[in-house]
Amino acid sequence: MKGANNDNRRELAAFLRARRGEVSPRQAGLAAQEQSRKVAGLRREEVAGRAGISVDYYTRLEQGRLPTPSASVLDGLAHALLLDDDQRDYLRRLADLAPAGRRRRTRPQVVPGPVRAVLADLGTTPAVVLGRFTDILAWNPLAAELLCDFGAVPEERRNFLWLTFLDPGVRERLPDWHLSAGECVAYLRMDAGRHPSDPRLNELVEELSTADSEFQHWWATHRVTGRSFGSKRILHPMAGEIRLDWQVLTIAQERDQFLVVMPASDEESRQRLIALSTP
3 MKGANNDNRR ELAAFLRARR GEVSPRQAGL AAQEQSRKVA GLRREEVAGR AGISVDYYTR
63 LEQGRLPTPS ASVLDGLAHA LLLDDDQRDY LRRLADLAPA GRRRRTRPQV VPGPVRAVLA
123 DLGTTPAVVL GRFTDILAWN PLAAELLCDF GAVPEERRNF LWLTFLDPGV RERLPDWHLS
183 AGECVAYLRM DAGRHPSDPR LNELVEELST ADSEFQHWWA THRVTGRSFG SKRILHPMAG
243 EIRLDWQVLT IAQERDQFLV VMPASDEESR QRLIALSTP
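Per our numbering, the sequence shown starts with residue 3, numbered consecutively.
Below is the structure:
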């Protein structure tokens, strides 16, 4: 438990430093001081003043030298750094102040039977079940047809982020690869707030950081997202471009699992999905 606390402190410190460097004086209402500095971002004393804490206290937070801040301090920091809802949630998770229902001990990921039944019934809509750290736990045939044959991928590589960065075939099917990959990294960073000391997370981040410089760069920005819907384009080698609207649905029995459904965005894409799903 002590190790997990230390991991959280280090991540909290890095997150604060990253966010401070991204907030301009103008955004913080300090436009008059913007031209007098050589680097972008706020100074420590400016963040401390906006958060209502001492500069020494904030400095030690950024250095990972303090125990968990109180909820009121976190609220002050969120205000000072102009955090959005996802970033505020992530900050609270790092401080171990997320809702109790979200703090669960890591355990094997088993997809509930009813969820597998739903997957099977979605004949013309691609869908997957994602677990911790974007592990691909289950899928329907159309999802495999669109992205890759998940069943042929070794289980330890059956991870959406790993495939996005390191599988050339998957990468070729994502014409908006940079948008998709960047969002996946931000999602992983958010998920890391739930399980900061999980060996699976550490191994995945180390492997991707070593293999891909873009992942390494995006991971270092400490950007987070909990976005639950959006759009995506897939370039299928036979069917051509297919536009999808993806939606993340929470699985009540398993808080670390999500059903991602990807219906067609337009009639042409819908007809192409129907053709691909027809034996």
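Backbone N, C-alpha and C define an ideal beta-carbon position, used for all residues, glycine too.
D77 carries a helical assignment under DSSP once its states are collapsed to helix, strand and coil. One thing to note: G133 has its Cβ no nearer than 8 Å to the Cβ of Q255.
For Y92, the CB contacts under 6 Å within the same chain, skipping 5 residues up- and downstream, are M192, G195 and V226 in chain order. By the criterion of a C-beta distance shorter than 8 Å, T126 is surrounded in its chain by L144, R272, L275, I276 and S279, once the five residues flanking it on both sides are discounted. In the structure shown, E256 falls within a coil segment according to DSSP collapsed to helix, strand and coil. C-alpha of A50 to C-alpha of E64: approximately 11 Å in a straight line. L168 and L76 have their alpha carbons spaced roughly 37 Å apart. Here the region 161-180 lies against the region 234-250, with 3 or more beta-carbon pairs under 8 Å apart. Annotated three-state conformation of N8 is helix, per DSSP. Less than 8 Å separates the beta-carbon of E216 from that of A183. Between F231 and W220, the C-beta gap is not smaller than 8 Å, which leaves the two residues out of contact. As the crow flies, the alpha-carbon of A119 is around 21 Å from that of T136. Taking the C-beta atoms as reference points, V263 is found no nearer than 8 Å to A154.
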